Amino acid sequence: MFEGAPLKGRWRLLNKIGRGGFGEIYSAYDLQTNQKVAVKMERIERKKKSLLYEVAVIKKLQDSKHSATFISSGRNTEYKYFVMELLGDNLSVLRKKQPSKKFSISTTIKLLIDMISSIEDLHALGYIHRDIKSSNFAIRKTKKSKTQEGIQKSYCCIIDFGLCRKYVQSNGELKPEREKVGFRGTAKFASINSHTEKDLSRRDDLWSLFYLIIEMLRGELPWGKYKDRNYILELKMQYTNKNFCKGLPEEFLLFYNYLDSLTFEDQPNYKYLKKIFTESYIRLGFDENTKYDWEIPNDQKKLKNLNSNINVSNKKKMINSLQENPKNFLDEIDQKNEIILPNLGEKNQIQFSSKNRNIDDEKNQITSSELTNSEKNTENEQELQKIIQMIQNDNSESSSSSSSSSSNDSMSKTGCKCIIC
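Using full-length UniProt numbering, read the sequence shown as starting at 1 and increasing by one per residue.
Rendered as structure tokens:
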């Protein structure tokens with residue numbers, strides 16, 4: 001295939017970069033624009049015309065900033081295909097590239113707001129996705145000239161519409177709920193309704209999104225290693241809102257409970273969801289300039305994770321705990337978090353980890369007096385004070401941001417003020 005003539009004399013296929021629901025995806029070189037593009041292909045003999053349906057959906061999404069740009073479509077003797085903008089890595093790839101295999105709370109919330117908007121755009125056209133998962137969201141960066149501020153921005157684009165379904169009739173009314181349909185989606189992220197073969201609606205896309213963000217934050221789902229759909233369903237039904245949301249900002253519990261209240265016919269309140277998570281983002285001390293995890297060098301990322309993973313209301317307690325007993329500090333925070341005190345040199349570097357603490361208790365006894373006595377360990381003391389100062393600074397910022405929450409509430413009444421829009 002790669003040695004053949006360019007598609008339509010214009011697009012020369014390069015490498016296979018992935019698979020969609022029913023087709024293969026290649027990178028290609030555009031001989032007219034001298035740029036790389038993506039080409040999705042489906043064999044001619046395939047009876048179900050998924051690719052043609054996908055083309056119809058992506059064409060309708062062209063007014064959304066959360067969709068890849070459609071370029072062209074066509075066919076040859078073997079394949080039907082369409083050409084679109086080549087996006088960056090998908091969220092599954094980006095998460096697995098992180099040292100901890102998970103995203104920080106700032107990156108997760110920022111992505112979540114963007115993903116809600118992308119799903120809202122699709123639903124507004126009368127379609128449900130039915131296969132929301134991390135690999136079906138990819139990052140695109142705008143060119144500086146394409147934004148009013150002349151600033152490069154990243155957007156999370158929804159992709160792969162092979163399982164989409166129109167949920168409204170030609171007159172605009174909802175299609176009636178079907179009694180029983182087959183399983184749709186990917187088992188790890190599928191809603192309970194999908195497992196029980198119920199007809200899916202807009203709420204089910206959001207349930208899949210909820211599972212997705214839990215995986216982004218935790219690094220894995222309780223059923224992530226299993227393949228059997230029935231066993232996965234059992235596990236999903238065992239987990240409650242408290243299981244999922246323990247240790248997370250309260251907005252995640254609000255999200256879960258809101259989804260649990262939706263019926264088949266309900267139109268989700270996307271504006272409400274974006275509002276509560278935007279307020280959470282600001283309350284935690286983040287703003288529009290906060291970088292995504294993959295944009296941060298690894299040495300800076302470890303200090304960022306230390307600060308962002310500490311509950312704002314407990315920061316004073318964290319400082320006391322860190323001062324009194326640094327060795328047991330991790331008992332106060334996420335048990336899977338890893339913190340490294342930087343710039344201590346090979347001999348003095350202290351790595352804290354709940355599962356694997358690189359501290360030899362016999363050779364390197366670390367006590368409060370040792371860390372607070374500058375004569376014995378000046379270098380470690382300086383790093384300790386840096387962390388304490390960072391926590392204190394963030395605490396004061398969060399206080400000032402909470403004091404302005406009333407003004408944010410009044411702004412939200414006049415229109416969307418989320419960090420993405």
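Using N, Cα and C, we set each Cβ at its ideal position, and we do this for glycine too. These numbers come from a predicted model, not from an experiment.
Check: Residues in its own chain within less than 7 Å of phenylalanine 255 by CB, not counting five upstream and five downstream?; Outcome: Phe210 and Leu273
Check: Taking 8 Å as the threshold (C-beta atoms), are lysine 275 and tryptophan 223 in contact?; Outcome: no
Check: Considering only residues of the same chain and omitting the five flanking positions on each side of phenylalanine 286, which have a CB-CB separation below 7 Å?; Outcome: Ser106
Check: In angstroms with no decimal places, state the Cα-to-Cα distance between serine 27 and lysine 236.; Outcome: 37 Å
Check: My assumption, with CB atoms under 8 Å, is that phenylalanine 82 sits in contact with lysine 40. Please give the rounded CB distance.; Outcome: 6 Å
Check: Taking the alpha helix (DSSP H) that phenylalanine 183 falls in, what are its first and last residues?; Outcome: It is not in any alpha helix (DSSP H) - phenylalanine 183 carries neither H nor E in the DSSP assignment.
Check: Taking the beta carbon of asparagine 230 as the centre, do at least 16 other beta carbons fall within 10 Å, making it buried, or is it exposed?; Outcome: exposed
Check: For glycine 74, write down the residues that DSSP places opposite it in a beta bridge.; Outcome: Tyr81
Check: Report, in whole angstroms, the separation of the C-beta atoms of serine 280 and isoleucine 116, which I expect to be a contact under 8 Å.; Outcome: Actually they do not touch by this definition, with Cβ atoms about 13 Å apart.
Check: From the DSSP output, in three-state form, read off glutamate 234 for me.; Outcome: helix
Check: Looking only at its chain, what residues have a beta carbon closer than 7 Å to the beta carbon of arginine 10, apart from the 5 residues adjacent to it on each side?; Outcome: Asp30, Leu31 and Gln32
Check: Are at least three pairs of beta-carbons, each pair with one atom in the stretch 192-212 and one in the stretch 125-138, less than 8 Å apart?; Outcome: yes
Check: For the alpha helix (DSSP H) holding aspartate 121, just list the boundary residues, first then last.; Outcome: 105-124
Check: In this structure, does DSSP put aspartate 228 in helix, strand or coil?; Outcome: coil
Check: Near leucine 112, what residues of its chain come up, given a Cβ to Cβ distance below 7 Å and the 5 sequence neighbours on each side ignored?; Outcome: Ile213 and Phe277
Check: Does the distance from the C-beta atom of leucine 87 to that of cysteine 157 stay below 8 Å?; Outcome: yes
Check: Are the CB atoms of arginine 203 and aspartate 114 nearer to each other than 8 Å?; Outcome: no
Check: For leucine 221 and asparagine 15, I'd like the C-alpha separation in whole angstroms.; Outcome: 31 Å
Check: What residues in its chain sit with their C-beta under 7 Å from that of arginine 43, if we drop five residues either side in the sequence?; Outcome: Glu78 and Tyr79
Check: When the Cα of lysine 271 is compared with those of Ser170, Lys153, Leu174 and Ile119, which residue comes out closest?; Outcome: Ile119
Check: In the DSSP assignment, find the unbroken beta strand (DSSP E) run with glutamate 24 in it and report its ends.; Outcome: 24-30
Check: By how many angstroms is the C-alpha of asparagine 90 removed from the C-alpha of leucine 253?; Outcome: 26 Å
Check: Of all Cβ atoms in chain D, is any one closer than 8 Å to the Cβ of tyrosine 81?; Outcome: Included in the structure is just one protein chain, with no chain D present.
Check: Tell me which same chain residues have a C-beta within less than 8 Å of the C-beta of valine 168, skipping the five on either side of it?; Outcome: Gly126, Leu174 and Lys175
Check: In this structure, does DSSP put leucine 7 in helix, strand or coil?; Outcome: strand
Check: Which residues in the same chain have their Cβ closer than 7 Å to the Cβ of arginine 95, if we skip the five residues on either side of it in sequence?; Outcome: Lys101, Lys102, Phe103, Ser134 and Met216
Check: Is alanine 187 helix, strand or coil when you go by DSSP?; Outcome: coil
Check: In three-state terms, what does DSSP make of arginine 140?; Outcome: strand
Check: Just reading off the alpha helix (DSSP H) that tyrosine 258 is part of, what are its end residues?; Outcome: 250-261
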